[in-house]
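Peer 1: Just dropping this structure here.
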Amino acid sequence: MTIKDRLKITMRTAAAFIGGYVIASLGAAFLARFLPLSPDQASLMGAILSFAICTAVVMWAFAAQSITKLWLSMVVIAAMLGLPVWWSIITEGRL
Amino acid sequence: MNTSFRQSMAWLHTWSGLLVGWILFAIFLTGTVAFFNDEITVWMQPELKSFRSSEQALGHAVRFLEQKAPEARRWNISLPSKRGEGVNISWQPEQKDGEEPRRRRGDRSTSATLDDTGQAVNVRDTRGGNFLYRFHFNLHYMPVIWARWVVGFCTMFMLVAIVTGIVTHKKIFTDFFTLRLKKGQRSWLDGHNVTAVLALPFHLMITYTGLVTLMSLYMPWGIAANYKNTDSFYETVFPRGEETKRSGVSAPLVPLDDIVEKATALWGGKAPSNISITYPGDSAATVDITRSVIGELSSRRESLTFHGITGDLMPKKNSSGVGIETRNIMINVHAGRYSGTTLRWLYFLSGVAGTIMIGTGLVLWTVKRRQKLPDPARPHFGFRLIEKLNVGTIVGLPAGVAAYFLANRLLPVDMAERPIAEIDSMFVVWAGVFIWAMLRSTKRAWIEGFVAAAILYTAVPIVNSVTTDRGLLNSLLNHDWLFASFDITMILTAGCFFFLARKVQNHTPLAKPDRTKRNRPSSPTPNAGAAHIEPSDIAGVTVQAAALDTSK
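Have a look at this one:
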């Protein structure tokens, strides 16, 4: 294995670990805020579904062709999930 | 890495499986055993004989507690169910300031087990099956929270390994019916596939629901998004009801049989499993009664609270909704608490399949790579380490579990810190197998390890029949199916290990050209193994091998 290959694997692994947990967490928060359920039930559903999100992100991290695109897309997705959550917490507050 | 989707998934499957495989093996094995944790505890306390009437038992328990702990803050009475035997009672003394509030379960200074006549039985102190159950997610010798993160991390790997394993698998249905024995690597792969595919829904379910059982630790962000303070979330979802205060006026406790009758009627005939009395003897006493979960899919233990003097039902709000129901069902499906004996055995067998799946997966990794090593006779350090870890875990842990059972029978009954000594015996044997594996050649280590495990498992029923009057023969004669099943399971397990030892003993590694010969009998070209893969060989790991070879 060349150094370049090792670096690629490291980048993908990092994307899988960091991206996997961050996107799953933001996904859980997003679902908790926006699922049409009571806040307590939505919080639970968000957490339950987050593990499926995490699995999908990890697989994507190793399946994606371009590592640069992968990282960029992850940032975009995290923002798409995180910003509405942030905005809704700012405007509507938490219990 | 720029390969097709399936190839990259095969790569991910191989490495995510390998990196945490040993811990997963331990989690799966102890979890599988823990489906019978109550039964194991019963076996590990042979002094306890069966009990008859639970109504009588309740009266005995209250009389015992009134004498032993009249001033207690809370009494707890676990009624005998179909699974466990005996009435277990415990009491929580009134806390003084600065005292440690939590007590270890089974602490004999604040708990007792009563026999038919209401006398405390002197049972040997043991953690029983609960130790194996707790090890399944708390591991041992390390802080619980760290252990749970380690377990969760490995479980996430497992989920990825399962899903990528499915993706990798083009011919999942055919492989369901394929087990080619005596074909070297092929057989390992088939063994891995059969145990994986056969119980696939179980593996997916058990892994996902396992994550859900501890999700408030792993994934608190759903709660954090809606609640500033997690306590207010828990108060909404799991309302505890009003906190009562001791009044200081003494009053007689309502007869508990009346409460049981009322609760059973409200539950449509379902039996209670647990009764706890707060401030017994005080006029502010309350009685909490919890429904048995056997036969219930949703794991929330439904409980009712009654006034301790008048016996009136006290109002209580219970939360319900899709989230809590999903969580409860997932947790209960994971633990199989609702299941009867037959379903429990199916759980157990699926768990065994999962354990074998992980074990064969780990071995497959080395079998597949040994032939490709520059010098197969002298593998490099990493390869040797993995081989030793395989022997140490796959043989060492089961041997350790047998030692745990043996220690339960062999250690002096009134020894101090007995439960800890039992647990240490398990780890001593486990570590012993590790050291042995380091000292011996890998093949010898496998054979000797399997034989040692087999001997230990054979010893369990023998030692049981020598040290107690509840040996296999007596159990069969007395229709004591729990004890008989335990001993027979030990014998069968021993048989499996003897069989494995023999298989490894008689095993001659297939030489490299053999693989090629199988594919192309007429033209044994060396180095053509990967190029001549038949369509039927398309299963994850082989695809990856082909990809590696052709990409050069």
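Just so you know, the protein sequences line up as chains Z and R, in that order. If you count by numbering that gives the first Met the number 0, then the first sequence holds residues 0 to 94, one letter each, in order. If you count by numbering that gives the first Met the number 0, then the second sequence holds residues 0 to 551, one letter each, in order. Built from N, CA and C at the ideal position, the CB exists for glycine as well. This one's a predicted model, so the numbers in the text were calculated from it and none came from an experiment.
Throw me the rounded Cβ distance for the R/ALA453 and R/PHE496 pair, which I believe falls under 8 Å.
Peer 2: Stepping through the second sequence from its first residue, residue 453 of chain R is reached at position 454. Stepping through the second sequence from its first residue, residue 496 of chain R is reached at position 497. Right, their Cβ atoms sit about 4 Å apart.
Peer 1: Got a sec: is the Cβ-Cβ distance from R/MET157 to anything in chain Z below 7 Å?
Peer 2: As a working note, residue 157 of chain R is residue 158 in the second sequence. It does not: the Cβ of R/MET157 has no partner Cβ on chain Z nearer than 7 Å.
Peer 1: Just reading off the beta strand (DSSP E) that R/ALA111 is part of, what are its end residues?
Peer 2: The residue labelled residue 111 of chain R in the question sits at position 112 within the second sequence. 110–113 is the span of the beta strand (DSSP E), which, as asked, contains R/ALA111.
Peer 1: Taking any Cβ of chain Z, which residues in the stretch 307–322 of chain R have a Cβ under 8 Å from it, in chain order?
Peer 2: Residues passing the 8 Å Cβ filter: SER318, GLY320, VAL321 and GLY322.
Peer 1: Just to confirm the assignment: which complete beta strand (DSSP E) runs, minimum length 3, are found wholly within the stretch 6–80 of chain R?
Peer 2: For the stretch 6–80 of chain R, whole beta strand (DSSP E) runs of length 3 or above, ordered along the chain, are 73–77.
Peer 1: Give me the subset of the stretch 403–436 of chain R whose CB atoms are less than 9 Å from a CB atom of chain Z, sorted by chain position.
Peer 2: So nothing in the stretch comes that close.
Peer 1: Report, in whole angstroms, the separation of the C-beta atoms of R/LEU361 and R/LEU113, which I expect to be a contact under 8 Å.
Peer 2: One-based indexing of the second sequence puts residue 361 of chain R at position 362. One-based indexing of the second sequence puts residue 113 of chain R at position 114. With 8 Å as the limit, R/LEU361 and R/LEU113 do not qualify as a contact, their Cβ atoms being about 46 Å apart.
Peer 1: Would you say R/TRP344 lies against chain Z (beta-carbon separation less than 7 Å)?
Peer 2: Numbered from 1 along the second sequence, position 345 holds the residue referred to as residue 344 of chain R. Not one chain Z Cβ lies under 7 Å of R/TRP344.
Peer 1: Report the residues of the stretch 224–246 of chain R with a CB closer than 7 Å to any CB of chain Z, ordered along the chain.
Peer 2: Under the 7 Å Cβ criterion, the stretch 224–246 of chain R contributes ALA224, ASN225, TYR226, LYS227, SER231, PHE232, THR235 and VAL236.
Peer 1: For the stretch 38–63 of chain Z, enumerate the residues whose C-beta is nearer than 7 Å to any C-beta of chain R, in chain order.
Peer 2: If the cut-off is 7 Å between Cβ atoms, the stretch 38–63 of chain Z has PRO38, ASP39, GLN40, ALA41, SER42, LEU43, MET44, GLY45, ALA46, ILE47, SER49, PHE50, CYS53, THR54, VAL57, MET58, PHE61 and ALA62 near chain R.
Peer 1: Decide if R/SER522 is buried, meaning its Cβ has at least 16 other Cβ atoms within 10 Å, or exposed.
Peer 2: Looking up residue 522 of chain R in the second sequence gives position 523. Low confidence applies to R/SER522: its pLDDT is 39, below 50, so where it sits in the model is not reliable, and the reading given next is rough at best. It counts as exposed.
Peer 1: What is the DSSP secondary structure of R/GLN91, reduced to helix, strand or coil?
Peer 2: Counting from one through the second sequence, the residue named residue 91 of chain R turns up at place 92. Strand.
Peer 1: At what residues does the alpha helix (DSSP H) containing Z/SER24 begin and finish?
Peer 2: Here the question's residue 24 of chain Z lines up with position 25 in the first sequence. Residues 19–33.
Peer 1: Between R/GLY399 and R/VAL428, how many whole angstroms is the CB-CB distance? I'm expecting something under 8 Å.
Peer 2: As a position in the second sequence, residue 399 of chain R is number 400, starting the count at 1. As a position in the second sequence, residue 428 of chain R is number 429, starting the count at 1. Going by Cβ atoms, the distance from R/GLY399 to R/VAL428 rounds to 5 Å, so yes, they are a contact pair.
Peer 1: Residues of chain R with a CB under 8 Å from the CB of Z/ALA23: which are they?
Peer 2: Stepping through the first sequence from its first residue, residue 23 of chain Z is reached at position 24. Under the 8 Å cutoff, chain R gives MET218.
Peer 1: Once DSSP output is grouped into helix, strand and coil, what is the label at R/ALA406?
Peer 2: For the purposes of this step, residue 406 of chain R is identified with residue 407 of the second sequence, where counting begins at 1. Three-state result, R/ALA406: helix.
Peer 1: Could you check whether the Cβ of R/ALA544 sits closer than 7 Å to any Cβ belonging to chain Z?
Peer 2: The residue labelled residue 544 of chain R in the question sits at position 545 within the second sequence. Residue placement at R/ALA544 is poorly supported in this model, since its pLDDT is 37, which falls under 50; the coordinates still yield a value, given next. Answer no: the Cβ-Cβ gap between R/ALA544 and chain Z never drops below 7 Å.
Peer 1: Can you pull the chain Z residues whose beta carbon is under 7 Å from the beta carbon of R/PHE4, in chain order?
Peer 2: Locating residue 4 of chain R in the second sequence gives position 5, counting from the first residue. Per Cβ cutoff of 7 Å: ALA62.
Peer 1: Flag this pair as touching only if the stretch 52–69 of chain Z and the stretch 10–23 of chain Z have three or more C-beta atom pairs under 8 Å; answer yes or no.
Peer 2: The stretch 52–69 of chain Z is in contact with the stretch 10–23 of chain Z.
Peer 1: Among the residues of its own chain, which have a CB less than 7 Å from the CB of R/PHE34, if the five just before and after it don't count?
Peer 2: Locating residue 34 of chain R in the second sequence gives position 35, counting from the first residue. Cβ within range, chain order: GLY335, ARG343, TYR346, PHE347 and GLY350.
Peer 1: According to DSSP, is R/ASP311 part of a helix, a strand, or is it coil?
Peer 2: Residue 311 of chain R sits at position 312 when you count from the first residue of the second sequence. DSSP places R/ASP311 in coil when its eight states are reduced to three.
Peer 1: Got a sec? Which residues, its chain only, sit under 6 Å from R/THR563 by beta carbon, not counting five neighbours each side?
Peer 2: Shown here, chain R extends from 0 to 551; a query on residue 563 of chain R therefore has no answer.
Peer 1: Who pairs with R/ALA119 in a beta bridge, going by DSSP?
Peer 2: On the second sequence, position 120 is the one that residue 119 of chain R refers to. R/LEU113.
Peer 1: Which bits of chain C does Z/ALA27 rub up against, with CB to CB less than 8 Å?
Peer 2: Chain labels in this structure do not include chain C; the protein chains are Z and R.
Peer 1: Taking the alpha helix (DSSP H) that R/ARG368 belongs to, which residues open and close that run?
Peer 2: The residue you call residue 368 of chain R lines up with position 369 of the second sequence. Its alpha helix (DSSP H) spans residues 340–369.
Peer 1: If R/TRP364 sits next to R/ILE385, beta carbons under 8 Å apart, how far is it from one beta carbon to the other, in whole angstroms?
Peer 2: Locating residue 364 of chain R in the second sequence gives position 365, counting from the first residue. Locating residue 385 of chain R in the second sequence gives position 386, counting from the first residue. Indeed they touch by this definition, with Cβ atoms about 7 Å apart.
Peer 1: Just curious, the beta strand (DSSP E) that R/ASP287 is in, first and last residue?
Peer 2: Residue mapping note: residue 287 of chain R aligns to position 288 of the second sequence, counting from 1. Here the beta strand (DSSP E) through R/ASP287 covers 285–290.
Peer 1: Closer than 9 Å by beta-carbon distance: list the chain Z residues that pair up with R/THR212, in chain order.
Peer 2: On the second sequence, position 213 is the one that residue 212 of chain R refers to. Residues of chain Z passing the Cβ test: none, with the nearest at roughly 11 Å.
Peer 1: Roughly how far, in whole angstroms, is the beta-carbon of Z/PHE50 from the beta-carbon of R/TYR207, given that I think they are within contact range, below 8 Å?
Peer 2: As a first step, residue 50 of chain Z is located in the first sequence; it is residue number 51 there, counting from the start. As a first step, residue 207 of chain R is located in the second sequence; it is residue number 208 there, counting from the start. Correct: roughly 6 Å between the Cβ atoms.
Peer 1: Cα-Cα, which of R/ALA119, R/PHE24 and R/ALA71 is closest to R/CYS153?
Peer 2: In the second sequence, residue 153 of chain R corresponds to position 154, counting from 1. Out of R/ALA119, R/PHE24 and R/ALA71, R/PHE24 has the C-alpha closest to the C-alpha of R/CYS153.
Peer 1: Tell me whether R/GLY387 is buried or exposed, calling it buried when 16 or more other Cβ atoms sit within 10 Å of its Cβ.
Peer 2: As a first step, residue 387 of chain R must be located in the second sequence, where it is residue number 388. As written in the sequence, residue 387 of chain R is Lys, which differs from the Gly given in the question. Flag for R/LYS387 reads buried.
Peer 1: Are R/THR441 and R/HIS191 closer than 7 Å when you measure CB to CB?
Peer 2: Taking the second sequence and counting its residues from 1, the one referred to as residue 441 of chain R is at position 442. Taking the second sequence and counting its residues from 1, the one referred to as residue 191 of chain R is at position 192. No, the Cβ-Cβ distance between R/THR441 and R/HIS191 is not below 7 Å.
Peer 1: Mind listing the chain R neighbours of Z/ALA31? Cutoff is C-beta to C-beta under 8 Å, in chain order.
Peer 2: Here residue 31 of chain Z refers to the residue found at position 32 of the first sequence. Here the neighbours are TRP220, GLY221, ILE222, ALA224 and ASN225.
Peer 1: Of all the CB atoms in chain Z, is at least one closer than 7 Å to the CB of R/ARG326?
Peer 2: Looking up residue 326 of chain R in the second sequence gives position 327. Yes, because at least one Cβ of chain Z sits closer than 7 Å to the Cβ of R/ARG326.
Peer 1: Three-state secondary structure (DSSP) at R/HIS306?
Peer 2: Locating residue 306 of chain R in the second sequence gives position 307, where the first residue counts as 1. R/HIS306: strand per DSSP, three-state reduction.
Peer 1: Just to confirm my understanding: we take R/MET8, look at its own chain, exclude 5 residues before and 5 after, and list those with CB closer than 6 Å. What are they?
Peer 2: Taking the second sequence and counting its residues from 1, one reaches residue 8 of chain R at position 9. Here the set comprises THR163, VAL166 and THR167.
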